[in-house]
Amino acid sequence: MRANSVNYTSLSLLLNIDGIPLFNSSSGEFYPILFSVPTAEELDGKVFPVGIYYGEKKPDSLSQFLKYFIEELNDVINNGYGSMDINLLGFCCDTPAKSYILGITSHVGFKSCTRCKIHGQTVERRRVFLEIDCPPRTHEDFINNVDTVYQPRSTPLVDIPSVDFVKSFTLDYMHLICLGVLRTLLFMWFKGPLPNKMSKNQRDLISDRLLVLRGHIPSDFVRKPRPIDVIKSWKATELRAFLLYLGPVVLKGVLSDTKYKNFLSLHCASTIILRSELCRNDDYLELSRKLFKYFINSVKTLYGEMYISHNFHNLIHIVDDVHHFRTRIPNFTVHSVSAFPFENFLQQLKKRVRGHNKPLQQIGRRLSEMFSQGHDIFGKHEKKREFSSQHNDGPLPAFCVSPQYSKLYHNKCEITVTAPNNCVKVKNGKVFVIENFAFSNELRKIVAIGRGL
Ligand SMILES: [Zn+2]
């Protein structure tokens, strides 16, 4: 690791522990312990490994698995790392991993909510959680092991002093909303039994609309929309795009008004907790909480109580994460404490393992290569700003001259003079369609030329 550029005085860590199958054909699994630093803008999206376990199944002994990690973490929290203070923000894990490391009952247990004391019920052989306002769980109850049905096993994490055993474990919206609640709705509409399954004509109409929208999706999105006949292979980022941008457009007029309104309540509530300016506004957060509750209650009426699973129930708690983390993380949204960067890192790592021979050693070498290529917590993280694709085609206003460019790469964002990457919103809120980049004689620098909308 290089330590010669960005000077941090403190780092606040978000930890992730999860199991990923390594090969499709055998049972080998990684259990990595990873961290990100959501408080440092320069490290946005970056993930760093603390330790990696590999085996046929998850480690038999949780204490052995976490022993060295807990010792090291306590050491850096107590003594700092070099001149830096190290803090622990919390843990971001999916529900099975959370249950494993906390020693709590699994998500199908009657008393499995990490935030409240709801007692689940069985409806049509499914575990459901129907009540809305149950007493909250507390850190003190967890430490004192008050509820042994909820906590059948002990956890070595109690040896980390700064952990709050209710608030420090995030409700990750990637698993909870994108891969959980939204996927359930989509499967109900597109794959499930009648009466909720859409007709073939309705499904074809939605697929056609998604395909038309491909031409309007800017490069900020990793993937373009795909038709619904491949919905089983939609990734979390595609589900996220559907939730926040595409769903309200392609479902309009296809779903019944009541079901469309139900989807919009999920869309609006999620949009609020994914925009930093709205996460700072208590009125919007209260609106988001009400919309999530409305969504759950209307799902009961429209689709049935059997759908109010652990994931659906946890929607009523997710706004609490905003209140807890927004004072600890600048420009906070629930994305700041989500599994998206961890999942991305693990998939990149998994791709680099070739063959079944000594996978852990292969991972060690790949990580070493990644760090030597600049994946470095202490490396230099410059914001790139680069014009490219020079041309002489205009348009040029009176005060502008060549050189002209048709592409700007700025801070992970690509802006071009053609659709769909030519539409920008500037700081005063106005929206422009970019038509050229050229040198301004007046301002003595390259400027963007565009039409206001
Ligand atoms: Zn609950």
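Sequential numbering of the sequence shown, starting at 99, is according to the working numbering. All C-beta atoms, glycine included, are put in the ideal place defined by N, C-alpha and C.
Ends of the beta strand (DSSP E) at residue i?
i, result
"SER487", "483–489"
"HIS508", "498–508"
"LYS553", "This structure cannot speak to residue 553, because the chain is shown only from 99 to 551."
"VAL417", "VAL417 -> not in any beta strand (DSSP E); alpha helix (DSSP H) instead, spanning 416–423."
"PRO325", "Segment: none, PRO325 is in no beta strand (DSSP E) and carries neither H nor E."
Considering only their Cβ atoms, is the gap separating residue j from residue i smaller than 9 Å?
i, j, result
"VAL531", "ARG542", "no"
"SER374", "TYR271", "no"
"SER487", "SER466", "no"
"GLN471", "ASN490", "no"
"ASN395", "ILE275", "no"
"PRO147", "PRO136", "no"
"PRO518", "GLY126", "no"
"LEU506", "THR514", "yes"
"ASN172", "ILE258", "yes"
"PHE163", "LYS448", "no"
"MET468", "GLU222", "no"
"ARG307", "VAL348", "yes"
"SER181", "THR193", "no"
"CYS214", "PHE267", "no"
"PRO291", "LEU309", "no"
"SER551", "VAL529", "Per the sequence shown, residue 551 should be read as Leu rather than Ser. In contact: LEU551 and VAL529 (Cβ atoms closer than 9 Å)."
Got a sec, what are the start and stop residues for the alpha helix (DSSP H) residue i sits in?
i, result
"ILE304", "298–311"
"GLY290", "Premise fails: GLY290 is in no alpha helix (DSSP H) and is neither H nor E."
"ASP173", "160–177"
"GLU238", "237–241"
"GLU127", "No alpha helix (DSSP H) contains GLU127, which is instead part of the beta strand (DSSP E) from 127–134."
"LYS391", "380–400"
Quick test of your reading: residue i and residue j, contact by CB under 8 Å. State the CB separation rounded to the nearest angstrom.
i, j, result
"LEU187", "LEU141", "About 13 Å; that fails the 8 Å criterion."
"LEU337", "LEU277", "6 Å"
"ILE241", "VAL226", "Not a contact, Cβ separation roughly 29 Å."
"VAL432", "VAL420", "7 Å"
"TYR166", "GLY153", "Their Cβ separation, rounded to whole angstroms, is 16 Å, which puts TYR166 and GLY153 out of contact at 8 Å."
"PHE485", "PHE535", "6 Å"
"CYS377", "PHE430", "5 Å"
"LEU344", "LEU311", "6 Å"
"VAL397", "ASN360", "7 Å"
"PRO234", "ILE168", "Contact doesn't hold; Cβ gap of about 27 Å is too wide."
"PHE288", "ARG301", "6 Å"
"PHE340", "LEU280", "7 Å"
Figure out for me which residue from the options has the closest Cα to the Cα of residue i.
i, options, result
"SER354", "LEU447, HIS408, PRO325 and LYS295", "LYS295"
"ASP116", "ASN442, THR203 and HIS454", "ASN442"
"SER108", "GLY207, ASP239 and VAL174", "VAL174"
"VAL244", "ILE202, HIS273 and PHE285", "ILE202"
"LYS144", "SER434, TYR401 and PRO291", "SER434"
"CYS211", "PHE263, PRO254, VAL499 and ASN185", "PHE263"
"LEU132", "LEU444, ASN526 and ASN177", "LEU444"
"ASN412", "PRO119, LEU120, LYS209 and LEU458", "LYS209"
"LEU494", "GLN460, GLY527, ASN526 and PHE537", "PHE537"
"SER161", "LYS215, TYR198, TYR392 and GLU238", "TYR198"
"HIS237", "LEU228, VAL261 and THR253", "VAL261"
"PHE393", "CYS366, ASN177 and ASN379", "CYS366"
"ARG424", "HIS454, ASP380 and VAL352", "ASP380"
"ARG251", "THR220, SER159 and SER134", "SER159"
(message) I want to know whether the region 406–419 touches the region 385–396 - three or more CB-CB distances under 8 Å.
(response) yes
(request) Mind the definition here: the region 277–292 touches the region 326–340 only if three or more C-beta pairs lie below 8 Å; say whether that holds. (result) yes
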